[in-house]
Amino acid sequence: MRGAWIAWLALAACGSAPPAAERPGLELIGRLRDDGALARAHDVELLGDIAAVPGKGGSLALVDVSEPGRPRLAGSLSGLGDAETVLPIGDGLLLLGSRDLHVVDVSNPAAPAIVATVEDRPRVDRINGMARRGDSVFAACKSGYVAVFDIADPRRPRLAASVATLEKGGQRSPHDVAMLDEERIVVVDTARDTEAALRVYKVFDGDALLPPERWEAGGGLPAVGAGGAFDLGGANRVAAADGFAYVGAFVPDRVAIVDLRDPWQPRQTANMPVCDIDATGLTVAGKALFVAGGECVEAIDVSDPARPRSLAQYRGGELLATRALEADGEVRYDNAHDLAYRDGLLYVTAQNDNAFGVLRVNDERVRALAEGR
85 MRGAWIAWLA LAACGSAPPA AERPGLELIG RLRDDGALAR AHDVELLGDI AAVPGKGGSL
145 ALVDVSEPGR PRLAGSLSGL GDAETVLPIG DGLLLLGSRD LHVVDVSNPA APAIVATVED
205 RPRVDRINGM ARRGDSVFAA CKSGYVAVFD IADPRRPRLA ASVATLEKGG QRSPHDVAML
265 DEERIVVVDT ARDTEAALRV YKVFDGDALL PPERWEAGGG LPAVGAGGAF DLGGANRVAA
325 ADGFAYVGAF VPDRVAIVDL RDPWQPRQTA NMPVCDIDAT GLTVAGKALF VAGGECVEAI
385 DVSDPARPRS LAQYRGGELL ATRALEADGE VRYDNAHDLA YRDGLLYVTA QNDNAFGVLR
445 VNDERVRALA EGR
């Protein structure tokens with residue numbers, strides 16, 4: 085009888101926790117919805133146990149992820165206009181990009197406070213992405229500029245420069261920016277009639293930030309590729325690592341890999357469809373590329389830049405339940421909007437559902453690529 089009881093317990097245990105081989109490659113383990121603090125949740129960045137999530141509904145949510153399976157709202161701000169991106173800068177501070185640039189003190193997540201604001205439209209407006217080297221922060225402004233902020237005194241940032249990208253590099257509406265190397269940034273542009281969906285700019289000479297008139301516009305790629313394919317149309321996101329840029333293009337619903345080891349001669353090594361519409365969020369960890377768009381989150385092997393392979397996907401489900409949302413007079417399908425990876429977990433924003441979720445990466449191939457094993 086005792087043996088039968090032990091056998092029943094073993095079967096019950098197997099039923100409650102399926103073997104790793106049977107688990108989905110990307111598994112939802114925690115979700116938080118808040119129609120106020122997470123209104124049209126856009127980007128996400130991690131500061132220790134806090135996930136900072138700005139939203140196009142004018143909010144900033146600070147989500148406690150110390151228990152990843154039970155994310156909870158620690159604090160929030162509202163009335164921030166078109167809040168789209170954040171960048172942690174240390175000492176409990178982060179930059180928040182909206183119609184202006186704000187410095188937010190989040191050292192007490194329950195009581196976040198704006199400590200400084202830089203206003204200078206149109207040179208600073210509709211900030212959609214930021215990148216940092218040292219005390220210089222580059223902001224992609226959809227109004228047609230790349231703004232440069234000096235944060236040597238992080239509580240008193242100043243606008244150090246602003247470059248009109250249409251004049252400098254043929255880009256109408258910069259949507260994101262990344263540091264390519266110690267001297268160069270790479271900027272992507274969503275405009276359909278842009279000269280360069282992707283453009284490299286030399287902005288440093290050694291450790292010295294160049295004045296705008298000395299910025300060098302390097303190589304670029306048009307939205308329309310070989311054979312007339314609109315493969316970089318709506319270039320919305322860019323990440324860079326090891327001389328390569330990874331570009332999310334939401335018009336053709338594709339991700340491009342671009343070899344920028346020669347910044348004067350960009351070369352697209354691969355261009356692949358994503359698992360659903362759009363490619364509005366992406367991040368690189370090691371040799372794994374994670375992409376968010378529509379009702380899907382995807383893990384892609386980029387160890388061979390010419391042959392990327394989709395390894396795992398999370399589709400729809402509780403996190404990404406709303407396929408279409410009518411907002412601002414149009415129907416939006418870009419639900420999964422951004423994501424961040426850390427220690428085997430993905431932190432994901434769901435814009436149409438005013439939600440935030442945590443996915444566990446169960447696929448060991450993906451974990452090994454992300455962690456360099």
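In terms of the numbering used here, the sequence shown is residues 85 to 457. C-beta atoms are modelled at their ideal positions from N, C-alpha and C, and glycine is treated no differently. Note that the coordinates shown come from a computational prediction; the quantities given were computed from them, not determined experimentally.
Identify whether residue i lies in helix, strand or coil by the three-state DSSP scheme.
{"i": "Ala452", "result": "helix"}
{"i": "Glu414", "result": "strand"}
{"i": "Arg298", "result": "helix"}
{"i": "Ser100", "result": "Low confidence applies here, because Ser100 scores a pLDDT of 48, under 50, leaving its location unreliable and the question unanswered by this model."}
{"i": "Glu111", "result": "strand"}
{"i": "Pro350", "result": "coil"}
{"i": "Thr249", "result": "helix"}
{"i": "Glu106", "result": "helix"}
{"i": "Val230", "result": "strand"}
{"i": "Thr278", "result": "coil"}
{"i": "Gln435", "result": "coil"}
{"i": "Val445", "result": "strand"}
{"i": "Thr201", "result": "strand"}
{"i": "Gln397", "result": "strand"}
{"i": "Gly370", "result": "coil"}
{"i": "Leu409", "result": "strand"}
{"i": "Asp291", "result": "coil"}
{"i": "Ala236", "result": "coil"}
{"i": "Ile269", "result": "strand"}
{"i": "Phe440", "result": "strand"}
With 16 other CB atoms within 10 Å as the buried threshold, where does residue i fall?
{"i": "Ala28", "result": "The structure shown has nothing for residue 28, since the chain only spans 85 to 457."}
{"i": "Gln349", "result": "exposed"}
{"i": "Arg115", "result": "buried"}
{"i": "Asp360", "result": "buried"}
{"i": "Ser191", "result": "exposed"}
{"i": "Gly413", "result": "exposed"}
{"i": "Arg107", "result": "exposed"}
{"i": "Asp437", "result": "buried"}
{"i": "Arg321", "result": "buried"}
{"i": "Gly377", "result": "buried"}
Output yes or no for whether 7 Å exceeds the beta carbon distance between residue i and residue j.
{"i": "Val442", "j": "Gly428", "result": "no"}
{"i": "Ser227", "j": "Pro206", "result": "yes"}
{"i": "Leu130", "j": "Arg451", "result": "no"}
{"i": "Leu366", "j": "Ala323", "result": "yes"}
{"i": "Met214", "j": "Thr169", "result": "yes"}
{"i": "Val287", "j": "Ile269", "result": "yes"}
{"i": "Gly302", "j": "Pro258", "result": "no"}
{"i": "Ala125", "j": "Thr433", "result": "yes"}
{"i": "Arg239", "j": "Val199", "result": "yes"}
{"i": "Leu164", "j": "Ser182", "result": "yes"}
{"i": "Val386", "j": "Val375", "result": "no"}
{"i": "Ile211", "j": "Ile173", "result": "no"}
{"i": "Ala454", "j": "Gly370", "result": "yes"}
{"i": "Leu344", "j": "Gly327", "result": "yes"}
{"i": "Asp118", "j": "Leu157", "result": "yes"}
{"i": "Asn355", "j": "Asp388", "result": "no"}
Please name the residue, chosen from the options, that lies closest to residue i on a Cα-to-Cα basis.
{"i": "Val272", "options": "Leu294, Trp299, Val342", "result": "Val342"}
{"i": "Asp277", "options": "Ala307, Gly303, Asp234", "result": "Ala307"}
{"i": "Gly159", "options": "Pro196, Gly370, Pro152", "result": "Pro196"}
{"i": "Leu112", "options": "Pro138, Ala231, Cys380", "result": "Cys380"}
{"i": "Pro152", "options": "Arg393, His259, Gly132, Gly218", "result": "Gly132"}
{"i": "Ala244", "options": "Val208, Gln255, Tyr431, Asn212", "result": "Val208"}
{"i": "Ala121", "options": "Gly109, Val375, Ala136", "result": "Ala136"}
{"i": "Pro336", "options": "Ala313, Asp326, Tyr431, Asn212", "result": "Ala313"}
{"i": "Leu403", "options": "Phe440, Ala354, Pro138", "result": "Phe440"}
{"i": "Pro296", "options": "Phe222, Leu423, Asp362, Met356", "result": "Phe222"}
Those runs of the beta strand (DSSP E) which lie wholly inside the segment 305 to 349 and span at least 3 residues: 319 to 325, 328 to 333, 338 to 343
Ranges of the beta strand (DSSP E) found wholly within the segment 125 to 168, counting only runs of at least 3: 129 to 131, 134 to 139, 143 to 148, 156 to 161
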